[in-house]
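**Student:** Below is the structure I would like to discuss, written out as structure tokens.
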Amino acid sequence: MAADDDALPGDGRDETETERLDRNWNEILQELRVVQTGTQILTGFLLTVAFQQRFDELDHYQVTVYLVLVSLAAIATLLALTPVGMHRALFRRRAKPQIVHVANSILIATLAAVLLTLAGTAMLIFDMVAGHPAGFVAGGVVLAGGVIAWFAMPAAVRIRMRSPL
68 MAADDDALPG
78 DGRDETETER
88 LDRNWNEILQ
98 ELRVVQTGTQ
108 ILTGFLLTVA
118 FQQRFDELDH
128 YQVTVYLVLV
138 SLAAIATLLA
148 LTPVGMHRAL
158 FRRRAKPQIV
168 HVANSILIAT
178 LAAVLLTLAG
188 TAMLIFDMVA
198 GHPAGFVAGG
208 VVLAGGVIAW
218 FAMPAAVRIR
228 MRSPL
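As structure tokens, then:
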């Protein structure tokens, strides 16, 4: 078997299956670095809110939203770290195909958790400043924008890629 027999036909790359898995893993790690940085900043912001003087002014609804957001931020952080922990636990066990497959799914779940945290944070801030209706609108706009940008647009690109020109 030639070294390039594992290469995907028509992808323009001359790589073995192992090289492709290594490249995919490195791309996932880079995406996780970007997500993790943003998630850590957002989580840090949320954790400091409870220590602000104005926190005592929050009503029951706002405190509940805040606690849900802290939980979502923690879940997003945990999800973003999971592929690395999984890789470490399975290191040298020839599990790279499974790790890459699962890490891809975990990265998508991480993006969903980050999006919910972002939308909820916008909702809480607008709620505190301008009231419940403004909070719902702000959260909805951020959520819709994220769903469009992170999920609907890539789905549309995938559909167009399958269609003949």
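For the sequence shown, this note's numbering gives the first residue as 68, with consecutive numbering after it.
Yeah, the Cβ is synthetic: ideal placement off N, Cα and C, and Gly gets one too.
Should the region 175 to 188 be regarded as contacting the region 139 to 150, the criterion being three or more beta carbon pairs within less than 8 Å?
**Tutor:** Yes: at least three Cβ pairs fall under 8 Å.
**Student:** Can you find the residues in the same chain that come closer than 8 Å, C-beta to C-beta, to L125, ignoring five residues on each side of it along the sequence?
**Tutor:** As a working note, residue 125 is residue 58 in the sequence shown. Here the set comprises Y133 and M195.
**Student:** Exposed or buried, which one is M190 when buried takes at least 16 other CB atoms within 10 Å?
**Tutor:** On the sequence shown, position 123 is the one that residue 190 refers to. Classification of M190: buried, given that the 10 Å Cβ count is 16 or more.
**Student:** According to DSSP, is Q97 helix, strand or coil?
**Tutor:** Here residue 97 refers to the residue found at position 30 of the sequence shown. In this structure, Q97 counts as helix in the three-state DSSP scheme.
**Student:** Helix, strand or coil: how does DSSP classify T144 here?
**Tutor:** Here residue 144 refers to the residue found at position 77 when the sequence shown is read from its first residue. Note: T144 maps to helix in three-state DSSP.
**Student:** DSSP state of A69, grouped into three classes?
**Tutor:** For the purposes of this step, residue 69 is identified with residue 2 of the sequence shown, where counting begins at 1. Here the model assigns A69 a pLDDT of 42, short of 50, so the residue's position is not dependable, and the following value carries that caveat. In this structure, A69 counts as coil in the three-state DSSP scheme.
**Student:** Are the CB atoms of T188 and A143 nearer to each other than 8 Å?
**Tutor:** As a first step, residue 188 must be located in the sequence shown, where it is residue number 121. As a first step, residue 143 must be located in the sequence shown, where it is residue number 76. Cβ distance not < 8 Å, so T188 and A143 don't count as in contact.
**Student:** Once DSSP output is grouped into helix, strand and coil, what is the label at S230?
**Tutor:** Locating residue 230 in the sequence shown gives position 163, where the first residue counts as 1. Three-state result, S230: coil.
**Student:** Give the C-beta separation of T104 and A140 to the nearest angstrom, bearing in mind that I take them to be a contact with Cβ-Cβ under 8 Å.
**Tutor:** Taking the sequence shown and counting its residues from 1, the one referred to as residue 104 is at position 37. Taking the sequence shown and counting its residues from 1, the one referred to as residue 140 is at position 73. Not really, about 13 Å apart at Cβ, beyond 8 Å.
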